[in-house]
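Visitor: Here it is, the structure, as structure tokens.
In this note's numbering, the protein residues as written are 6 to 174.
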């Protein structure tokens, strides 16, 4: 199942005494915070929407000021919260690039049509990413995320077709 909300940051600490939040971006596009009008914060299973007063980049962090969070104690209460956006607000990617959350759960088939399993995880390595696919028998198959291996990715259809290197299975 594809998520309705996507996490783009984690609140790691208050910043200053006026309620600003220090947010660790969990996105390749931290500048997205600069144009946010609203921020959804998921904390302890509850999602709350806040109006954004101000956002600015601060080193590897984002400083976020929200309406209704005016004191350090109020900001401290949000520590550990996840800043989320609705799925339809994710930044578009160039052709041939995919969000990991779109790949998780996708069914994987060989060019010949044999069902290999579903993607459970995407592992990052120095050379290239690797898809961890769980077969119907429960076996893990590690498939390199290379253009020579991945023939097609159908995100709406939740299907990937691959040409496995000889000896992989």
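All residues carry an ideal CB built from backbone N, CA and C; glycine is no exception.
Put residue 10 into one of helix, strand or coil per three-state DSSP.
Guide: DSSP places residue 10 in strand when its eight states are reduced to three.
Visitor: Let me know the secondary structure DSSP gives residue 122 once reduced to three states.
Guide: Looking at residue 122 - three-state DSSP - the assignment turns out to be strand.
Visitor: Could you please give the first and the last residue of the uninterrupted beta strand (DSSP E) stretch that includes residue 109?
Guide: Unbroken run through residue 109: none, as it is neither H nor E.
Visitor: Who are the Cβ neighbours of residue 9 in its own chain at under 6 angstroms, not counting the five residues just before and after it?
Guide: Around residue 9: 92.
Visitor: By Cβ distance below 7 angstroms, which residues in the same chain neighbour residue 18 in space, the five residues on each side in sequence not counted?
Guide: Answer for residue 18: 27, 84, listed in chain order.
Visitor: I need the boundaries of the alpha helix (DSSP H) containing residue 79, first residue and last residue.
Guide: Run containing residue 79: 77 to 81, per the alpha helix (DSSP H) assignment.
Visitor: Output the distance between the C-alpha atoms of residue 35 and residue 60, rounded to the nearest integer angstrom.
Guide: Going from the Cα of residue 35 to the Cα of residue 60 covers about 11 angstroms.
Visitor: Just to confirm the assignment, what range does the beta strand (DSSP E) spanning residue 57 have?
Guide: Element bounds for residue 57: 51 to 63.
Visitor: Alpha carbon to alpha carbon, what distance is there between residue 98 and residue 107?
Guide: Their Cα atoms are separated by approximately 12 angstroms.
Visitor: Between which two residues does the beta strand (DSSP E) carrying residue 139 extend?
Guide: Segment 135 to 139, the beta strand (DSSP E) holding residue 139.
Visitor: To the nearest angstrom, how far is the alpha carbon of residue 118 from that of residue 141?
Guide: Between residue 118 and residue 141, the C-alpha separation is close to 15 angstroms.
Visitor: Put residue 19 into one of helix, strand or coil per three-state DSSP.
Guide: Three-state result, residue 19: strand.
Visitor: Please name the residue in 159, 157, 134, 102 whose C-alpha comes closest to that of residue 147.
Guide: The residue with the shortest Cα to Cα distance from residue 147 is 134.
Visitor: State buried or exposed for residue 14, treating a residue as buried only when at least 16 other CB atoms are found within 10 Å of its CB.
Guide: It counts as buried.
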